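Numbering (the working numbering), first residue to last: 3 to 229.
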Amino acid sequence: NFGPQIGVITINEAIMLSEEIVDNLNDFAERDDIDAILIRLNTPGGGVAASQEIYEKVKEISETNKKPIIASMGSIAASGGYYIAAGADTIIANLGTATGSIGVIMSYPIAADFMDKVGLTFQSIKSGELKDAGNFSRKPTKADLTYFQDLVDNLHKQFVRTVAYERNMSYENASKLATGQVYSGEEALKLGLVDIIGTYDNAIVLASLLAGFDEKAKIIHPASKEE
Numbered sequence: 003n004f005g006p007q008i009g010v011i012t013i014n015e016a017i018m019l020s021e022e023i024v025d026n027l028n029d030f031a032e033r034d035d036i037d038a039i040l041i042r043l044n045t046p047g048g049g050v051a052a053s054q055e056i057y058e059k060v061k062e063i064s065e066t067n068k069k070p071i072i073a074s075m076g077s078i079a080a081s082g083g084y085y086i087a088a089g090a091d092t093i094i095a096n097l098g099t100a101t102g103s104i105g106v107i108m109s110y111p112i113a114a115d116f117m118d119k120v121g122l123t124f125q126s127i128k129s130g131e132l133k134d135a136g137n138f139s140r141k142p143t144k145a146d147l148t149y150f151q152d153l154v155d156n157l158h159k160q161f162v163r164t165v166a167y168e169r170n171m172s173y174e175n176a177s178k179l180a181t182g183q184v185y186s187g188e189e190a191l192k193l194g195l196v197d198i199i200g201t202y203d204n205a206i207v208l209a210s211l212l213a214g215f216d217e218k219a220k221i222i223h224p225a226s227k228e229e
C-alpha cells in the first residue's frame with residue numbers, strides 16, 4: 003500500500019434497507035488496507051428506521067475515530083440522506099445539491115368513496131380501536147389522525163435531536179430548519195447543515211488528507227454479493 007485507499011459506498015436510491023450498507027461500512031471500518039471511508043449520497047431519503055441504522059453505523063465509525071469518514075452529497079441528499087450524512091466527520095456538498103428536507107411524512111390511500119360507488123365493503127374484526135388505523139377501505143376517524151400525527155411528531159423530534167447533536171446547535175435552532183424544506187448546498191452551508199462546498203473529487207482528496215496522505219488515492223468499492 004503505497005498511497006491512500008479510500009473505501010467508497012454509494013447510495014443511489016431510496017433508502018428502504020440498511021443491512022448491506024451497514025455490512026459494507028463494517029467491512030471498510032475493520033479492513034487495515036482502507037485508510038478512509040467516503041459515503042456518496044444521491045438519494046431523496048426513505049424509511050426512518052433504515053436511515054437511522056445507517057446513521058448509527060456512520061456515527062459509530064466517526065466517534066471511534068479509527069479512520070476518517072466523509073459524506074459527499076451529489077445531486078440530492080435529502081431527508082434520510084441528510085440523516086445519514088449527519089453522522090460523518092465532514093459533510094461536503096455541491097453548491098447546487100438539494101439537501102435538508104428534515105422531516106417525516108406518512109401517507110396512505112383512502113378508497114372509501116370509490117368502494118361505496120361499486121358496492122364493495124370490508125368488515126374488520128379488531129382487538130383494539132387503532133388496530134386497523136390506515137385501512138384504505140374506510141375514512142380515517144379523529145382518533146386515527148391524532149394517532150398518526152403523534153407518531154410522525156415523535157419521529158420528527160428524533161430527527162431534530164440528531165441534527166442538533168451532530169451540528170452542535172440548540173434543539174430550537176435545529177427545529178427552525180426542520181420544516182421539511184429543501185435547501186441548496188450553498189444555503190445549507192450558511193445554515194450550518196453542511197461543512198464545506200466541493201465535488202466528489204474534492205471529497206476524495208479531503209478523505210486522503212484527513213487520513214494523513216497527500217498522494218493520489220485509490221478508490222475501493224465494496225465487493226459484490228457474487229464475489
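Backbone N, C-alpha and C define an ideal beta-carbon position, used for all residues, glycine too.
The model shown is predicted, which means the values in this text are computed figures rather than measured ones.
Where residue i falls, given that 16 or more other Cβ within 10 Å makes a residue buried
i: Glu228; result: Note on Glu228: pLDDT 37, under 50, position unreliable in the model; no value is reported.
i: Asn111; result: It is worth fixing the name first, because residue 111 is Pro in this sequence and not Asn. Exposed is the call here.
i: Glu168; result: buried
i: Leu179; result: buried
i: Ile17; result: buried
i: Ala135; result: buried
i: Thr148; result: exposed
i: Thr143; result: exposed
C-beta atoms of residue i and residue j nearer than 8 Å
i: Ala219; j: Ile23; result: no
i: Gly182; j: Ser103; result: yes
i: Tyr187; j: Met171; result: Contrary to the premise, residue 187 reads as Gly rather than Tyr in this sequence. Cβ atoms of Gly187 and Met171: not closer than 8 Å.
i: Leu132; j: Ala114; result: no
i: Ile72; j: Thr99; result: no
i: Tyr85; j: Thr101; result: no
i: Ile36; j: Ser74; result: no
i: Ile94; j: Gly214; result: no
DSSP three-state assignment for residue i, whether helix, strand or coil
i: Leu27; result: helix
i: Glu110; result: Rather than Glu, the amino acid found at residue 110 in this sequence is Tyr. Correct three-state label for Tyr110: coil.
i: Ser74; result: strand
i: Val60; result: helix
i: Glu217; result: coil
i: Glu228; result: Bear in mind that the predicted position of Glu228 carries a pLDDT of just 37, short of 50, making it unreliable; the figure below should be weighed with that in mind. Of the three classes helix, strand and coil, the one that applies to Glu228 here is coil, per DSSP.
i: Ile86; result: helix
i: Gly47; result: coil
i: Val196; result: coil
i: Leu179; result: helix
i: Ala135; result: coil
Beta-ladder partner(s) of residue i, from DSSP
i: Ser210; result: According to DSSP, which records beta bridges pairwise, Ser210 is partnered with nothing at all.
i: Ala16; result: Looking at the DSSP assignment, Ala16 forms no beta bridge with any residue, so it has no partner.
i: Val184; result: Gly102
Unbroken beta strand (DSSP E) run spanning residue i, endpoints
i: Val10; result: Gln7 to Ile13
i: Gly187; result: Element bounds for Gly187: not the beta strand (DSSP E) but the alpha helix (DSSP H), Gly187 to Leu193.
i: Ala95; result: Thr92 to Ala95
Start and end residues, alpha helix (DSSP H) containing residue i
i: Arg163; result: Lys144 to Glu168
i: Ala100; result: Careful: Ala100 lies outside any alpha helix (DSSP H), inside the beta strand (DSSP E) at Ala100 to Gly102.
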